[in-house]
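Input: a single structure, listed below in structure tokens.
Residue numbers (my numbering): 4 to 401.
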């Protein structure tokens, strides 16, 4: 592997719509030559930056270290070049590997075949050098190899993360349809929340938005609860360097003097939120209650930000969904004057029932579902808007 003084090239993977947010995070950490890709950001930096990106980036899913790129014209050449890579600089033959591949417009279009040929090339090299080879472990590998083939060009990466970074380490229970942690953090960061105004989630589910908001407000590193990263299993892992990276992150923590509050009408969801908040050691920072949005009585003298992802079930009765969204819109207009509301939803027709015009509309993906992340500025003027839906002024949320 390259000497520490040299830079490496990396690719940080993220969710669709969060690329610009991730790029800003990486630049703050010292990344150079950043470039926005599809669902990813490429950048240059040293090993300490790789550690910091894993530990502190809130909107990254994986940090991939570039190993090599090459062109090839046959399966035999593909195997030969991969076999010549010095994989023994990463791991020993007693350790485990896994391979994930993607292909596009290539004669090697079968992903499973590409993955198998890669495993063979790597293990054959170890066998020729040591007389033994690493085992295949798709669930807990020491070296997770990422292969990306486009036409006749292959890019090879070593995944320094392994288990996706959205697995923060604080979630002990899911509740109903939990929000992805990386998506939640990205929503908060792109909202422009100043960390000085109060934060509310009136349909908090298992508490993901609340926990991510508290972590952001207090500048708690995203990886504070994780115990393991892929790079820890590599031969060049520098424990002392990573310790310094963690200490630098912890030393930048603050104590926010704000209220972060959530509520949910479901006792099951509320219990899940309480357990996750306690696991994150944020029970002194977050207050939750068993209430529906209709029951809340906000302090409009200290308006803050509302952010929520209304419960979604594709099998729900349309009349129930319509009643829910109408209730949300009416309560926002009548009770939360002065607040800024951000709502994530995939039900574009139901969002029209808010009878509110968004001041901002962002396309995001939750799981495999296209969503809209909408900002609504709640003023006295919005309060005057009739809750009755008017088809003549219908707003397009698609």
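C-beta atoms are modelled at their ideal positions from N, C-alpha and C, and glycine is treated no differently.
Remember, it's a predicted structure, so these values are computed and weren't measured experimentally.
Look at residue 133 here: in three-state DSSP terms it is helix. Nearest neighbour of residue 182 by Cα position, chosen from 51, 385, 305, 279, turns out to be 279.
DSSP lists 378 as the bridge partner or partners of residue 363.
Shortest Cα-Cα distance from residue 62 to any of 307, 259, 46, 21 involves 21.
Non-local C-beta neighbours of residue 201 in its own chain, meaning closer than 6 Å and more than five positions away in sequence, comprise 261, 262, 307, ordered along the chain.
A distance of 8 Å or more separates the beta carbons of residue 59 and residue 13.
The DSSP-derived three-state label of residue 43 is strand. Contact between the stretch 108–120 and the stretch 152–161 is present: three or more C-beta pairs spanning the two stretches fall below 8 Å. About 16 Å separates the Cβ atoms of residue 93 and residue 245, ruling out a contact at the 8 Å cut-off. Excluding five sequence positions before and after residue 75, the CB atoms of its chain that fall closer than 7 Å to its own CB belong to 81, 84, 155, 157, given in chain order. If the five residues before and after residue 73 are omitted, its C-beta is found closer than 7 Å to the C-beta atoms of 84, 157, all from its own chain and listed in chain order.
C-alpha of residue 218 to C-alpha of residue 189: approximately 13 Å in a straight line.
Minimum Cα-Cα distance from residue 146 among the listed residues 170, 95, 114 corresponds to 95. For residue 276, the enclosing alpha helix (DSSP H) covers residues 270–282.
Within the model, the alpha-carbon separation for residue 151 versus residue 226 is close to 27 Å. Burial state of residue 215 is buried, judged by a 10 Å Cβ sphere holding 16 or more other Cβ atoms. Close CB contacts of residue 104 within its chain, under the 6 Å cut and outside five residues either way in sequence, are with 114, 117, 118, 150 (chain order). Judged by DSSP secondary structure, residue 215 falls within the alpha helix (DSSP H) whose first and last residues are 211–220. In the structure shown, residue 337 adopts helical secondary structure according to DSSP, grouped into three states. Where residue 101 is concerned, the enclosing beta strand (DSSP E) starts and stops at 99–107. For residue 385, the enclosing alpha helix (DSSP H) has its first and last residue at 383–386. Under the 8 Å Cβ criterion, the stretch 343–353 counts as touching the stretch 365–385, having at least three qualifying pairs.
Under the criterion of beta carbons closer than 8 Å, residue 236 and residue 220 do not qualify as touching, at roughly 33 Å. In the DSSP assignment, residue 74 falls within the unbroken beta strand (DSSP E) covering 65–74.
Apart from the 5 residues on each side of it in sequence, residue 356 sits with its Cβ closer than 7 Å to the Cβ of 325, 328, 329, 332, 392 in its chain, given in chain order.
Nearest C-alpha to residue 313 among 180, 228, 52, 17: 180.
Rounded to the nearest whole angstrom, the CA to CA distance from residue 38 to residue 292 is 43 Å. At the C-beta level, residue 383 and residue 334 stay beyond 8 Å of one another. For residue 275, the CB contacts under 6 Å within the same chain, skipping 5 residues up- and downstream, are 176, 178, 209 in chain order.
Residue pairing of residue 13 in beta bridges, as defined by DSSP: 46, 68. When rounded, the separation of the alpha-carbon atoms in residue 184 and residue 370 is 11 Å. Of the residues assessed, residue 162 falls on the buried side of the cut-off, its CB having 16 or more other CB atoms within 10 angstroms.
Distances from the CA of residue 224 to each of 64, 77, 253, 207 were compared; the closest alpha carbon is that of 253. The C-alpha of residue 282 is placed about 11 Å away from the C-alpha of residue 171.
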